[in-house]
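By the UniProt record's numbering, the letter at position 373 of the sequence shown is numbered 373, and the numbering carries on one by one without gaps. Just so you know, even glycine gets a beta-carbon here, dropped at the ideal spot from N, CA and C. No experiment lies behind these values; they were computed from the predicted model shown.
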Amino acid sequence: MEEKKFDPNSLIGFILIFGILIWIMYQNKPNEAEIAAEKAQKELVTKQAVKTKEVAKTITLAAAAPGDTLQMAKLQKSLGGFAYSATLPSANESFTTIENKLVTLKIANKGGYIVEASLKDFTRFSKDSGQLVELIKDNNSNLNIQLQTKDNHTLNTKDLFFEPTLTKNGEDQILSMRLKSADNAYLEFKYVLKADNYMLDFEIQSQGLNNTLVSNKPLNLEWDLKTYANEKSITYENRYAEMYFEYEDGKTDYLGQGTDKTDNPEKVSYIAFKQHFFSSILISDEPFASAELYSNNLVKDQEVDTIFTKQFKATVPLAFKNGEIDQKMNWYFGPTDYTLLKSYDKNLEAIVPLGWGIFGFINRHAFIPLYGFLSAFMEHGWAIILFTILIKLLMSPVTYKSFLSQAKMKVLKPEIAELGEKYSKDPMKKQQETMKLYNKAGVNPMAGCIPGLLQMPVFYALFQFFPSAIGLRQKPFLWAKDLSSFDSVYELPFHIPAYGNHISLFPILASIAIFFYMKLTTGDQQMATPTQEGMPDMAKMMKIMIYVSPLMMLFFFNSYASGLSLYYFISNLISIGLLLVIKNYIVDEDKIHAQIQENKKKEPKKPGKFQQKLQEVMEQQEAAKAQQKKK
1 MEEKKFDPNS LIGFILIFGI LIWIMYQNKP NEAEIAAEKA QKELVTKQAV KTKEVAKTIT
61 LAAAAPGDTL QMAKLQKSLG GFAYSATLPS ANESFTTIEN KLVTLKIANK GGYIVEASLK
121 DFTRFSKDSG QLVELIKDNN SNLNIQLQTK DNHTLNTKDL FFEPTLTKNG EDQILSMRLK
181 SADNAYLEFK YVLKADNYML DFEIQSQGLN NTLVSNKPLN LEWDLKTYAN EKSITYENRY
241 AEMYFEYEDG KTDYLGQGTD KTDNPEKVSY IAFKQHFFSS ILISDEPFAS AELYSNNLVK
301 DQEVDTIFTK QFKATVPLAF KNGEIDQKMN WYFGPTDYTL LKSYDKNLEA IVPLGWGIFG
361 FINRHAFIPL YGFLSAFMEH GWAIILFTIL IKLLMSPVTY KSFLSQAKMK VLKPEIAELG
421 EKYSKDPMKK QQETMKLYNK AGVNPMAGCI PGLLQMPVFY ALFQFFPSAI GLRQKPFLWA
481 KDLSSFDSVY ELPFHIPAYG NHISLFPILA SIAIFFYMKL TTGDQQMATP TQEGMPDMAK
541 MMKIMIYVSP LMMLFFFNSY ASGLSLYYFI SNLISIGLLL VIKNYIVDED KIHAQIQENK
601 KKEPKKPGKF QQKLQEVMEQ QEAAKAQQKK K
């Protein structure tokens with residue numbers, strides 16, 4: 001057999017064929033632009049996928065053949081037309097920012113809602129922290145509308161892409177976010193931000209969707225927010241974080257603290273997610289027919305839960321009108337400032353917890369205007385001091401009446417002691433004779449209590465006023481860095497239940513002042529009102545309260561606003577000073593004694609209703625005791 005020889009021509013031929021194949025493959029390779037376009041198309045279509053398997057398969061097919069317009073048309077039809085948005089240039093993770101001197105708002109293409117809302121004039125925790133207060137950030141909030149198409153698909157706007165268009169009208173910034181199902185068919189979120197304003201106009205409207213969406217029932221607008229902690233004490237801040245709402249033509253209410261709080265009010269005008277000093281509020285020109293509201297406390301352990309305070313959720317219906325949606329609303333992202341909220345004339349100031357009835361009346365019409373006037377001319381610490389002085393001067397007539405009553409009772413003490421010895425074996429008779437002595441002397445044993453009762457509305461109103469005064473936030477005074485928070489002077493290495501892990505100085509000073517004030521006043525009340533048999537000894541109770549009350553204040557106010565503790569410290573100092581002046585320079589016990597003796601010579605006055613009632617009670621008890629002895 002003849003041996004085959006090496007053929008160079010065959011080798012050259014194979015090399016040429018191989019080279020031609022490589023050249024053909026290279027020429028048919030897609031360029032970088034085509035690869036990027038195909039990749040983008042796949043991502044856009046995939047992001048528009050609905051959760052049903054049938055539609056997911058359709059989207060996959062469309063992504064596999066990005067140039068197949070017939071396949072995209074089928075996809076668009078299956079989603080009621082909204083897959084059209086996947087082909088728009090805006091179908092990406094981009095944002096549009098609108099801002100003025102007060103707020104910065106960032107709106108996402110995906111979902112068309114606000115994903116960042118920051119306040120330019122306020123910082124978190126402390127004035128020098130450098131962190132702006134951000135009501136919305138890092139996906140702590142969602143706005144969503146469920147769309148029900150006529151071909152039986154449910155879509156969520158938070159998962160779909162909107163097309164932004166930003167324009168200006170003078171200083172107004174107008175942002176239109178449209179979710180399109182065709183060029184002339186869309187759902188629009190419209191934002192209008194004015195200059196120097198925390199309030200922006202917000203409108204949801206549709207066009208050309210009457211043949212696409214099921215319109216025989218309202219769409220559900222869902223809004224939720226996890227509120228960030230912005231203050232030094234998350235426990236104190238959380239106490240004032242509430243969901244408020246206005247309903248039924250002007251009524252306001254709130255969900256309250258605790259876990260899983262719900263309510264279903266009707267005719268709802270606004271919903272406020274309140275974060276102590278800041279609020280996010282949705283207001284509707286035409287009240288929502290109803291609302292599903294939910295609030296949940298997220299602070300279970302203040303040592304661990306330090307990021308969020310509350311979880312708020314609200315669902316409201318958007319009604320169709322002639323097959324379309326047109327709901328005009330407003331958003332408010334800003335401080336919970338009573339005066340500012342009142343200026344909008346929408347009853348928003350009702351979310352500021354100033355107290356009900358007479359307490360709220362005093363705050364709205366007396367304390368807020370007075371303190372606002374004072375703080376406009378001086379630092380807040382000095383404004384609180386002058387504010388306290390003015391209130392104590394206004395209440396000084398009541399203080400004088402109270403001390404005068406105590407002085408009269410003190411003058412009668414020897415005579416009451418004699419009656420006690422004379423009728424020691426007959427307590428009921430002792431009480432009756434004591435009441436006769438009061439009547440003859442013209443002394444009302446309850447007169448000392450009435451001034452105290454008159455001061456209670458002022459006390460409670462102030463207790464509501466200071467935690468709501470945003471003007472105190474991050475305002476320093478002496479050692480206190482923030483009058484709206486506690487004035488810690490020493491951090492403890494451990495946590496004391498009901499007290500905390502720090503020592504605040506103003507509560508200590510206030511506790512010392514109230515101790516000496518009670519010591520001073522209780523000393524003149526030792527003989528006080530007569531004690532009925534079987535009833536607790538009021539004198540002993542008062543002695544106990546001298547020590548209990550300051551201790552309670554020390555614990556209770558340690559984590560409260562230092563501005564409130566400063567008020568009570570100054571208030572008790574002034575009260576001590578007034579009592580010493582009244583006792584040493586105004587009230588003359590000798591003259592009081594002489595006047596009482598003169599009154600005893602006169603015809604006894606007809607006893608008052610209280611004395612008559614007390615006399616009747618004692619007589620009934622005496623009769624009951626006599627009846628018991630017979631048995």
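Under the rule that 16 or more other beta-carbon atoms within 10 Å means buried, what is residue i, buried or exposed?
i, result
"residue 498", "exposed"
"residue 474", "buried"
"residue 561", "buried"
"residue 181", "buried"
"residue 553", "buried"
"residue 382", "exposed"
"residue 507", "buried"
"residue 331", "buried"
"residue 276", "buried"
"residue 130", "exposed"
"residue 528", "Low confidence applies to residue 528: its pLDDT is 44, below 50, so where it sits in the model is not reliable, and the reading given next is rough at best. The residue in question, residue 528, is buried, as its Cβ has 16 or more Cβ neighbours within 10 Å."
"residue 349", "buried"
"residue 487", "buried"
"residue 307", "exposed"
"residue 343", "exposed"
"residue 170", "exposed"
"residue 468", "buried"
"residue 412", "buried"
"residue 289", "exposed"
"residue 162", "buried"
"residue 439", "buried"
"residue 236", "buried"
Just the Cα atoms here: how many angstroms apart are residue i and residue j?
i, j, result
"residue 483", "residue 380", "8 Å"
"residue 327", "residue 205", "6 Å"
"residue 150", "residue 311", "34 Å"
"residue 456", "residue 296", "33 Å"
"residue 110", "residue 212", "21 Å"
"residue 496", "residue 476", "26 Å"
"residue 72", "residue 183", "Residue placement at residue 72 is poorly supported in this model, since its pLDDT is 48, which falls under 50; the coordinates still yield a value, given next. One C-alpha to the other measures close to 16 Å."
"residue 154", "residue 148", "5 Å"
"residue 550", "residue 199", "44 Å"
"residue 458", "residue 238", "25 Å"
"residue 242", "residue 418", "59 Å"
"residue 209", "residue 177", "16 Å"
"residue 65", "residue 179", "With a pLDDT of only 40 at residue 65, under 50, the local geometry of the prediction cannot be trusted, and no value is derived from it."
"residue 186", "residue 207", "5 Å"
"residue 240", "residue 274", "8 Å"
"residue 265", "residue 572", "44 Å"
"residue 386", "residue 366", "15 Å"
"residue 396", "residue 406", "15 Å"
"residue 282", "residue 166", "22 Å"
"residue 547", "residue 371", "32 Å"
"residue 263", "residue 585", "59 Å"
"residue 157", "residue 189", "11 Å"
"residue 583", "residue 360", "34 Å"
If you drop the 5 nearest sequence neighbours on each side, which residues of the same chain put their C-beta closer than 7 Å to that of residue i?
i, result
"residue 2", "Because the pLDDT of residue 2 is 39, which lies under 50, any placement of that residue in the model is unreliable, and the question is left without a value."
"residue 453", "none"
"residue 424", "none"
"residue 493", "none"
Quick one: residues in its chain with C-beta nearer than 8 Å to the C-beta of residue i, no 5 flanking neighbours on either side, listed in chain order?
i, result
"residue 286", "327, 328"
"residue 303", "495"
"residue 252", "244, 245, 246, 347, 350, 351"
"residue 126", "232, 474, 481, 482"
"residue 102", "119, 120, 121, 196, 197, 198, 334"
Which residues in the same chain as residue i place their Cβ atom closer than 6 Å to its Cβ, once the five residues preceding and following it in sequence are excluded?
i, result
"residue 219", "145, 318"
"residue 462", "none"
"residue 141", "225"
"residue 535", "With a pLDDT of only 46 at residue 535, under 50, the local geometry of the prediction cannot be trusted, and no value is derived from it."
"residue 106", "95, 97, 115, 116"
Could you pull the DSSP bridge partners for residue i from this structure?
i, result
"residue 117", "105, 136"
"residue 125", "According to DSSP, which records beta bridges pairwise, residue 125 is partnered with nothing at all."
"residue 365", "Residue 365 pairs with nothing; no bridge assigned."
"residue 164", "177"
"residue 331", "200, 282"
Legend entry - At least three beta-carbon pairs within less than 8 Å, the segment 560-578 to the segment 502-521: yes
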